Every structure is written in structure tokens, then in C-alpha cells.
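Engineer: Going line by line, the protein sequences match chains R and W. Read left to right, the first sequence gives residues 795 to 1186 (the working numbering). Read left to right, the second sequence gives residues 795 to 1186 (the working numbering). Glycine is no exception: its CB is placed at the ideal position from the N, C-alpha and C atoms. Small disclaimer: the values here were computed from a predicted structure and weren't measured. Following this message is one structure expressed as C-alpha cells.
2 protein chains.
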Amino acid sequence: MKLGADSRSDRQTRVEILEQGRHISLSWPDRPSSRFHAIWLRDNGHDSKTRDPGSWQKLVTLHDIPAQTRVESATVNEESGQLELTFYPDQWSTCIDTNWLWEHRYDVDEPKEPALFRSNVATWSANFAGALPSVSFAHAKSDPQALLQWLSGIDHYGIAIMEDIPIRSESVLEVVGLFGFPRQTNQGTWFEIKVESNPINLATSALGLQAHTDNPYRDPVPTLQLFGCLQNEADGGESIVVDGFKAAEVLRQESPDYFHLLTNHSAQFDFHGGGQSHLRSSKPMIECSPEGQVVGVRFNNRSSDAFTGIPFDTMQAYYEAYRRFGELLSSEELQVVFKLRPGQLFITDNTRVLHGRKAFSGGTRWMQGAYADKDALRSKIKVLSRELSPPE
Amino acid sequence: MKLGADSRSDRQTRVEILEQGRHISLSWPDRPSSRFHAIWLRDNGHDSKTRDPGSWQKLVTLHDIPAQTRVESATVNEESGQLELTFYPDQWSTCIDTNWLWEHRYDVDEPKEPALFRSNVATWSANFAGALPSVSFAHAKSDPQALLQWLSGIDHYGIAIMEDIPIRSESVLEVVGLFGFPRQTNQGTWFEIKVESNPINLATSALGLQAHTDNPYRDPVPTLQLFGCLQNEADGGESIVVDGFKAAEVLRQESPDYFHLLTNHSAQFDFHGGGQSHLRSSKPMIECSPEGQVVGVRFNNRSSDAFTGIPFDTMQAYYEAYRRFGELLSSEELQVVFKLRPGQLFITDNTRVLHGRKAFSGGTRWMQGAYADKDALRSKIKVLSRELSPPE
């Protein structure tokens, strides 16, 4: 019966060689077809001469692959689900899983307006206050699923709370140890945040602090910051956090010109550490990937140096954009405010979420901080996800 | 006498208020004049209410400064060299050193073609072999001037050699301690490079390795890498280094299109660490600042994942550009080759200079590596420069 035959053939993955083997077209059941170039397929072969089976590292360089590479033959093995390929001119053969090809296809219509953030970013504003990702230290330590959920929260939202960390010095490093490694700097692997009489850094005085990202004068900037609270008997001193990605999103909606000014010009940041250190960087306040996705925010009035990299004819407008971005970051509509109790810790993605605090007086406010990096956190998410996923 | 009067007045710094106080023009003796905006001057005041005299951190936010700020009065105090300013509408007064203003002027003609690198970068090719910056460990440790010169060499060229490091485990960390801090990763604060029978990472096998930057799958990438040689009785195994900035420069000269392809599309890098880690990043092979300056190179065939972020219609050309960049990076004209002796170490700027090695066999080849970051190195250069400069 004709219908039956068609229906059966629709369940097959089919391949067609196009443009004299310069690329192929692959059609999966119930999915749109997708094209792949010969050079891409050859570079991504799944054979053991192309990729080390153990480490999955690539064993060939592009130099080992003829520039004029074309697909000579292509067959789908329905049983194994492999695309079997032979290439001209060197008769190289390889096979690639067709599901892997679906997952790694690149022949997709470009969106009219590319997404402003990578896909797993969820922006937030003031009403996020009751929904901050949270876990207890003991739970995160003993239950991989709870740890995975907490780390994924940081990856999505750029902020999370931890409850009941040990009330002892350096416990912030124990939290870092749950997923990664401290970023050691001239401040050490961890640092005290207490009032000092003649502070080198304003963060240790009792003044309120406008929401900011830490250490914008460092390159590379620490990508995660943690603050653990060991004692908090002061009046005031509430913590403030704000999603810099949300502010960037609002700024772009309100004024593409302002957004463009802050992404297309580098600001200068500077820190003199009492003769012992002198750190400087030149980076845009809103950093985009070449594809136009926002990948980082730097904002810190205290360590902003004189902006000298911006042309005279642009400076007035730049300051207007800088002012508006600061207003958004300081607005009650975007900020979440909470007061840390002893044993509470918060962690932020320091390339995205700004933190600050209200002024305080009387009583002791004792916090300890540390920096760490996101690559280890994201690696931990992937490893835990795989370990905890049900076997197929 | 008229001539004398003119001559005297030319020796003075003069200020003029322009555009109803929106900006001023400052004329120094024997230098071109330069304009400064009211808002910029107000934001950069040198008074103790604007900047903390101890930490030099900024005490005001832009929100504290009226948006309609203009210069109401401006006078140069010839004795003190200060520009004395009063602002409308809040009668704020401040003063700023006129030499500081000269150093921080931004009213400059934009160059027709902006420099491809920051000003203190000097690119190099194969004939740099005999001129690599070098110092002995003992000299660097005991003589701040020698250490400063060595660190400045790394900053200029992205590579340096150190002689006579202690032949003992972890001595590479002693070298890091001369200027900064190790970047701890899942590989530890330092790591062994020895042949292993079933290596997770190809760098520990005896194969030759195409020149590459380390850990492109990390974000942030370690910005400095160090290799110390403790034993080298193998045949072959010469180290290869190549200036990625030089290759980027040549690529842009040869083919602006290829350069554009590698700067304007992100490549994907990936590393599976035997079930214990899974690191991924998406970054361009040649990374530029918003101003178009090359600020980083990532190149590593072994950890290149399938490129999926590049549109189908661009992929063929992208591979051509990738191939040509790889050819340049592998060319004898650009590469410097040397064989490390026990006690020798080399350090590279891992965002710029690629390293590789030739295959080796027989005998033991024992290296230890570590990662660190450039911000601390540049800070050390600034601190040493100030300490060693003759008092004024």
C-alpha cells in the first residue's frame, strides 16, 4: 500500500550528497533536514584516528585534512544510527552518530533578533526577593541532587543563598570546595569584611555602598564572589543585589543608543592597594560576545578611573548612558534587599549580578568573602547532571 | 617688549570656558590644547569629598552629581599647577592638577586606523629566538630591577625564560610567588607533565603537539602558564612558541576577510576530564576589544569541539580562515624552537603566545606546570617601577 510505504520511508534517516560533495543534506524522521559541510564532517569524525576514544580530544589538526576535502560516499546505517562517510581525495572513512549530528546541526535560520543572553539565563527584578535559590550547607554537602539544583540556580539567576554555613573562620572556603576552587589574589584566598579605622578599601568601612561588581580593575575579573556572615549585630547593613543583565535588557529597550555606547566603548578601572598593588583594566561596562550576546557587566563607581578611551564627541552621551544605567541598577524596581543573618551566605555571578549594602552603625558586622570561578561551577553542574540522570 | 610678553604668556597654562560651561579648553605651554567636559571634570575632581585621599577610591556616584552640571568658573593657579573649578548648579568646587589633565586628556584626533594592539605590545617572529627575555631565578629573587625587567619582558612579548630554578618539585610555584598567585583548577595549583600509559590529556603523552593556548575551554582562561623543566633526557621534545598576536597581524594584512571571520564568530571548545570535569566555552579564536584591538587568541585543535555557532553560509569560509591562521601559527617564519634544560622554565601569556612541542622518545622528560594571572603580574610591574624610580 502506497501510504504504508511512504510512512515507513518517513521513519528513516536519509542522506543526500550535494554540490559535488561539498556538503550533504541529512533528513531525520519528523524533523527538518539540515546540511553539513564536508570539511566540518571530516574535522568532526567519530573514529579513533580523529578523536582519542578515552579523552575525546582531537588527534588531527586541520593541517592533516586536505583543503579540497569532499564527501565521496555517504550512507545511513539504520541499525547503528551511524552516518558512514568516505572522503575525497584521501579515501578517509569515518562514521558519525546521526543523533549527535542533529544535536550539533548549524544549518539553522538565523533569528531576526538574536537572543540577548545565552539560553539558560533567566533575568529577574525586585519581585524575585522571595524566590532566591537557597539550600542549607549540610544539605548541599550530603545530597548531590540538592547541590546540583543550587548550582543550577546560580547558573540561571547569577545569585543564590546558602543557609547554616559553619560559624567559624574560613567556612566560606568550605562552600567554595563544594563546587570549585578559590581564586587567590592579593587579598588572599579569602578576606575579612570588617570596619577598620583607616580602610584601604571602602568595602570595609561602615558607609553604604552602591551596588557594584567586585574588582572590575582585575583582568580576568573573579567570576564568582561569596560573602558569608559570621556576626551581624549592626543596625542597617542590609545587602542589596541587582541583576545587571536585567538592567542591560531594560536599557536596550529604553535606548538602543545608550546600550550601544556602554557596549562599544571601554571604561577604565583602577585600584591602588596601599603601595602593595596597583591594578588597572580597560573594559566595557556591558560586554558582548561577537554575536551580540551580553556576556558580562562591570560597574563600580569607587574604582572607576578617569575615562580616557572615549572620544571627545562621544563623552557627553557616554556619561548620559552611564547615568541611566546606574539609575536602573539603583532602582527599587530591580533591586532585591535582604539582611544576612549569621550562618547565611550569598554567592553572585560577579560578571552579572551587582551587590551593595546599606550603611550601618553600632554592633559588629563580620563577613568573610572569597572569589572563585564559574568554569568549575559549570563543570560541576555537568558532572552531577550526568551522574544523577537515570541510566538509559 | 611685545615679544617678551608673548613669550611669557606662552609659558602659562590657560583655560577658557566654552559652550556656556558645557566644556572647557585647556592650553599648556608648548602643547596642543585639549577640551574637557564639565561632567567629566566634576566626576574626576581631586578633592577629598570626591576621592578618598588614602585609597584614591571614588566617594561619589554619578547619581550624586547633577545631570545639568556646567563649569561656572575656571582658573589656573600657576604656582600650584592646579585648575580651580566651580560648578553650576550646586556651587561644588574642586581642583585638578593640570599635568594630570594632560596625561588624562581624551580630546585627541582619532587615528585613521587604530592600533591593532595596546601600546606596549611588541610582536615577534622566528628571529626573536636569541632575544627571549631571560633572568636567573636567584637574580630575579634578589634584585628588584632584574625582576622588573623580566616581568616587563613578559608584558611586552608574552614570553620569557628563567634559568636555574630549583630542581625540586613545586619550584614552579616559587616562580609564581615572585609576582603573583597560582590559578588553582581541577589540575591543582600545579601539575605534572610526564608520559602516562593511558593519558586523559594528550599533553602528557609523547606525541608532538601543535602549538596551542592552554585550556581554551575555561572561562576565564588562565592568562599565564609556566613550565619548569626538572629532567630532560629524551630525544626530541623541543619546545615551540609562537606569537599569536603576530600571526593575527599577518592574517589581517593578508586577508581582512579571514581576520574578520575569526574575530566575529565564536568557536566552541570542550574538555572531558575522565568523568570528573566537563569544561566548555564559546569564544572567538581572535578576541577584540570594542575598539578593535586584539586582546586575546585561543587556538587548540585538541579541545576544539564541533563549531555550531557559525551560520551554514559562513562555515566554508570560516574553515578557510581557521586553516590559514593555523598555517601561520605553524610556520617556521614565526616559530621559535628551543630545548629546555633541567632548571629552565618558560612562561607565556596564555591569551597571546602559543606553545607546543616536538615528539620525543627514550629517556625521561619531566616538567611541572602552573597557571597564574596577568593582573598580578602587571600590578607588580607598576609597584616595582614606582619603588625603583629615582625620587623627584
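1) I want to verify the contact list: residues of chain R whose CB lies under 8 Å from the CB of Asp901(W), in sequence order.
2) With a threshold of 8 Å on Cβ separation, who are the neighbours of Asn791(R) within its own chain once the five nearest residues in sequence on each side are excluded?
3) For Gln806(R), which residues of its own chain have a beta-carbon under 8 Å away from its beta-carbon, when the five flanking residues on both sides are left out?
4) For Asn1058(W), I'd like the list of residues in its chain whose CB is within less than 8 Å of its CB, leaving aside the five on either flank, ordered along the chain.
5) Grab the span of the beta strand (DSSP E) containing Phe1053(W) for me, first residue to last.
6) List, in order along the chain, the chain R residues whose C-beta lies closer than 8 Å to that of Lys906(W)?
7) I'd like the span of the alpha helix (DSSP H) that includes Glu897(W), first residue to last.
8) Does Lys1040(R) pass the burial test, meaning 16 or more other C-beta atoms within 10 Å, or should it be called exposed?
9) Inspect the CB distances between the stretch 1025–1042 of chain W and the stretch 1149–1161 of chain W and report whether three or more fall short of 8 Å.
10) Indicate whether at least one CB of chain W lies closer than 8 Å to the CB of Pro1014(R).
11) Please name the residue in Asp949(R), Gln1162(R), Lys1176(R) whose C-alpha comes closest to that of Glu986(R).
12) My understanding is that Arg836(W) touches Trp896(W), with C-beta atoms under 8 Å, so please give their C-beta distance in whole angstroms.
13) Run the CB neighbour count on Gly1120(W), radius 10 Å, all protein chains shown included, and call it buried at 16 or more, exposed below.
14) Are there three or more Cβ pairs, one per stretch, closer than 8 Å when the stretch 1013–1021 of chain W is compared with the stretch 878–893 of chain W?
15) What separation, rounded to the nearest whole angstrom, lies between the Cα atoms of Arg962(W) and Phe1140(W)?
16) Out of curiosity, what's the CA-to-CA distance linking Phe1240(R) and Trp944(W)?
17) For Gly952(W) versus Arg1159(W), is the C-beta distance shorter than 8 Å?
18) If the cut is a Cβ gap below 8 Å, which residues of chain W does Gly1103(R) touch?
19) Measuring only the C-alpha atoms, how far is Gln885(R) from Asn1144(W)?
20) For chain W, find out if any of its Cβ atoms is closer than 8 Å to the Cβ of Gln806(R); answer yes or no.
21) In this structure, does DSSP put Ser930(W) in helix, strand or coil?
22) So His1072(R) and Val1177(W) are in contact, right, with Cβ under 8 Å, and what is the actual spacing, rounded?
23) If you measure between the beta carbons of Glu1127(R) and Ser919(R), is that distance less than 8 Å?
24) Answer yes or no: do Pro976(R) and Val969(R) have a C-beta to C-beta separation smaller than 8 Å?
25) Kindly list the residues whose CB is nearer than 7 Å to the CB of Ser1083(R), restricted to its own chain and excluding five residues on each side of it in sequence; keep chain order.
26) Under 6 Å Cβ to Cβ from Ile833(W), same chain only, skipping five residues before and after it: list those, please.
27) Do we get a CB-CB distance below 8 Å when we pair Asn1026(W) with the residues of chain R?
28) Can you find the residues in the same chain that come closer than 6 Å, C-beta to C-beta, to His933(W), ignoring five residues on each side of it along the sequence?
29) Using alpha carbons as the reference points, say which of Phe1063(W), Lys1168(W), Gln1138(W), Thr880(W) lies closest to Ile959(W).
30) Check whether the Cβ atoms of Leu1045(R) and Leu1148(R) sit closer than 8 Å, and answer yes or no.
31) Name the one or two DSSP bridge partners that Ile953(W) has.
32) Which residue marks the beginning of the alpha helix (DSSP H) containing Ile833(R), and which one marks its end?
33) Cα separation between Phe973(W) and Asp1099(R)?
34) Where does Lys1168(W) land, buried or exposed, given buried means 16+ other C-beta within 10 angstroms?
35) Taking Val929(W) as the reference, which of Asn914(W), Thr917(W), Phe922(W), Gly947(W) has the closest Cα?
36) Find the nearest neighbour of Ile1175(W) within the set Arg1074(R), Ala1111(R), Asp858(R), judged by alpha-carbon distance.
Structural biologist: Walking through what the data contain:
1) Within 8 Å Cβ-Cβ: Phe1106.
2) There is no way to answer for residue 791(R), as the model of chain R reaches only from 795 to 1186.
3) Within the same chain, Gln806(R) has close Cβ partners Pro823, Val870, Glu872.
4) Cβ within range, chain order: Pro1078.
5) Phe1053(W) -> not in any beta strand (DSSP E); alpha helix (DSSP H) instead, spanning 1050–1058.
6) The premise fails here: Lys906(W) is roughly 14 Å from chain R at the closest Cβ pair, so nothing lies under 8 Å.
7) Where Glu897(W) is concerned, the enclosing alpha helix (DSSP H) stretches over 892–897.
8) So Lys1040(R) counts as buried.
9) With a cut-off of 8 Å, the stretch 1149–1161 of chain W and the stretch 1025–1042 of chain W count as touching, because enough Cβ pairs lie within range.
10) True, the Cβ-Cβ gap to chain W drops below 8 Å.
11) The shortest CA-to-CA distance from Glu986(R) to any of Asp949(R), Gln1162(R), Lys1176(R) is the one to Gln1162(R).
12) The Cβ separation is near 19 Å, so there is no contact.
13) It is buried - the Cβ of Gly1120(W) has at least 16 other Cβ atoms within 10 Å.
14) The answer is no - the stretch 878–893 of chain W does not touch the stretch 1013–1021 of chain W, with fewer than three Cβ pairs under 8 Å.
15) Between Arg962(W) and Phe1140(W), the C-alpha separation is close to 16 Å.
16) The structure shown does not extend to residue 1240(R), since chain R is modelled only from 795 to 1186, so the question has no answer here.
17) The beta carbons of Gly952(W) and Arg1159(W) sit no closer together than 8 Å.
18) The contacting residues are Tyr900, Glu1085.
19) If you draw a straight line from the Cα of Gln885(R) to the Cα of Asn1144(W), it comes to about 37 Å.
20) So, not an interface residue.
21) Strand, per DSSP.
22) Yes, they are in contact, since the Cβ atoms of His1072(R) and Val1177(W) sit about 6 Å apart, within 8 Å.
23) Contact: yes.
24) Their beta carbons are not under 8 Å apart, which means Pro976(R) does not touch Val969(R) by this criterion.
25) Excluding five sequence positions before and after Ser1083(R), the CB atoms of its chain that fall closer than 7 Å to its own CB belong to Val1089, given in chain order.
26) The residues are Thr863.
27) At a cut-off of 8 Å between beta-carbon atoms, Asn1026(W) makes no contact with chain R.
28) Excluding positions up to five away in sequence, the list reads Ala940.
29) Ranking Phe1063(W), Lys1168(W), Gln1138(W), Thr880(W) by CA distance to the CA of Ile959(W) puts Gln1138(W) first.
30) Result no, Cβ atoms of Leu1045(R) and Leu1148(R) do not sit closer than 8 Å.
31) For Ile953(W), which the question treats as bridged, DSSP gives the partners Thr1142(W).
32) If you look at Ile833(R), you'll find it in the alpha helix (DSSP H) that goes 832–837.
33) Taking C-alpha positions only, Phe973(W) is separated from Asp1099(R) by approximately 24 Å.
34) Its Cβ being crowded by 16 or more others within 10 Å, Lys1168(W) is buried.
35) Val929(W) has its Cα closest to that of Gly947(W), out of Asn914(W), Thr917(W), Phe922(W), Gly947(W).
36) Closest option to Ile1175(W), Cα to Cα, is Arg1074(R).
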